[in-house]
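Peer 1: Throughout the sequence shown, residue numbering follows our numbering, covering 145 to 362 in sequence.
The beta carbon of each residue, even a glycine, is placed where N, CA and C say it ideally should be.
It should be emphasised that the depicted structure is a prediction, and the values quoted were computed from it without experimental measurement.
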Amino acid sequence: MDFSLDWKDLDWIRAQWKRKLVVKGVVHPDDAARIVDAGADAVGFVFAGGPRAVTPAEARRITRKLPAFVHRVGVFIDAPADHVRLIARAVGLSWAQLHGGESRAYAAGLGLPFVKVFRVADGKVVAAARRFRSSLVHLDTHVPGIAGGTGATFDWGIARRVGRFARVILAGGLTPENVADAVAAAAPFAVDVSSGVESRPGRKDRRRLRRFIEEAHR
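(1) From the DSSP output, in three-state form, read off H172 for me.
(2) Could you give the DSSP three-state label for E321: helix, strand or coil?
(3) When DSSP labels each residue in this structure, what does G340 get in the three-state scheme?
(4) Measuring alpha carbon to alpha carbon, tell me which residue in K348, A315, R355 and R354 is nearest D175.
(5) Below 7 Å CB to CB, which residues in the same chain sit around G218 once its five sequence neighbours on both sides are set aside?
(6) Could you give the uninterrupted runs of the beta strand (DSSP E) lying entirely in the segment 239–306, keeping only those of 3 residues or more?
(7) Going by C-alpha to C-alpha distance, which of E358, G346 and R355 sits closest to A96?
(8) If contacts are defined as beta-carbon pairs under 8 Å, then A251 and L283 qualify, I think. What distance do you get, rounded to the angstrom?
(9) Taking its Cβ as the centre, do 16 or more other Cβ atoms sit within 10 Å of F356, making it buried, or is it exposed?
(10) Output the boundary residues of the beta strand (DSSP E) element that contains V187.
(11) Go through its chain and collect everything with a Cβ distance to R352's Cβ below 7 Å, but skip five positions before and after it.
(12) Let me know the secondary structure DSSP gives R347 once reduced to three states.
(13) Candidates T199, L165 and V180: which alpha carbon is nearest V171's?
(14) Does the separation of the CB atoms of T285 and F276 fall below 8 Å?
(15) Is it buried or exposed, D247, if we count other Cβ atoms within 10 angstroms and call 16 or more buried?
(16) Beta-carbon separation of W300 and A272 under 8 Å?
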């Protein structure tokens, strides 16, 4: 059975013309409330270490207070499938974001919706994303030794090429200052932000968050 995420089937798609917004690296309940108030569609939790990592219990305390229409994303890097499924059930995740070297067989065997992340170093990622055969892919910047949250951008024209055969969630160094240009160049289905709206690692800045969402919808 194919569990790759098809956004057409998710009940939270409220207006097809509206670009979707995912804010990840949430570690504080107050930040989650700000994110929802600002108009984000999904809130993401990192279960893979780093300054934005949370435990399942911490994530659950936050997700219990989220409105039903806001979806919960779990970020994992090469985690055992049973571990991913356990956290998904405990936290109430809407889907898993796979940020490591997970195979198509691994992803399909999870038994829950997923999005595969491709780290972009050059145009070769286009063929890799096509081979994965998913209707939705996540593109982030490749920085050796760092899986995500790098604050670095990549050639957004590559995202537009991937967008010819899949819906693209665009990430990688997005900020209020550059997201409008990124959207114009890449035409993504959704944008994903973490460090670009922070005052410090793990803490979201209300004004930067609101400005980011405004610019993304220009």
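Peer 2: A quick look at the data gives this:
(1) As a first step, residue 172 must be located in the sequence shown, where it is residue number 28. Three-state DSSP puts H172 in coil, outside helix and strand.
(2) In the sequence shown, counting from the first residue as 1, residue 321 sits at position 177. Coil.
(3) Against the sequence shown, residue 340 aligns to sequence position 196. Three-state DSSP puts G340 in a helix.
(4) In the sequence shown, the residue the question calls residue 175 occupies position 31. For D175, the closest of K348, A315, R355 and R354 by C-alpha to C-alpha distance is K348.
(5) Stepping through the sequence shown from its first residue, residue 218 is reached at position 74. Only residues of its own chain outside the window of five on either side were considered, and among them F189, F191, I231, A232, V235, L237, A240 and Q241 have a CB closer than 7 Å to the CB of G218, listed in chain order.
(6) Correct list: 239–242, 258–264 and 280–285.
(7) Because the chain is modelled from 145 through 362, residue 96 falls outside the range shown and cannot be assessed.
(8) As a first step, residue 251 must be located in the sequence shown, where it is residue number 107. As a first step, residue 283 must be located in the sequence shown, where it is residue number 139. Contact between A251 and L283 is ruled out by a C-beta separation of about 16 Å, above the 8 Å threshold.
(9) By one-based count along the sequence shown, residue 356 stands at place 212. Looking at its Cβ environment, which holds 16 or more other Cβ atoms inside 10 Å, F356 is buried.
(10) Locating residue 187 in the sequence shown gives position 43, where the first residue counts as 1. That run of the beta strand (DSSP E) goes A186 to V190.
(11) Residue numbering aside, residue 352 sits at position 208 when the sequence shown is read from its first letter. Taken in chain order, the residues that qualify are P320 and V341.
(12) Within the sequence shown, numbered from 1, the residue matching residue 347 stands at position 203. R347 falls in the strand class under three-state DSSP.
(13) Reading the sequence shown from its first residue, position 27 is the one you call residue 171. Looking only at T199, L165 and V180, the smallest Cα-Cα distance to V171 is reached by T199.
(14) The residue you call residue 285 lines up with position 141 of the sequence shown. The residue you call residue 276 lines up with position 132 of the sequence shown. For T285 and F276, no; Cβs fall outside 8 Å.
(15) Here residue 247 refers to the residue found at position 103 when the sequence shown is read from its first residue. Just to set this straight, residue 247 is Ser in the shown sequence, not Asp. So S247 ends up on the exposed side.
(16) As a working note, residue 300 is residue 156 in the sequence shown. As a working note, residue 272 is residue 128 in the sequence shown. No.
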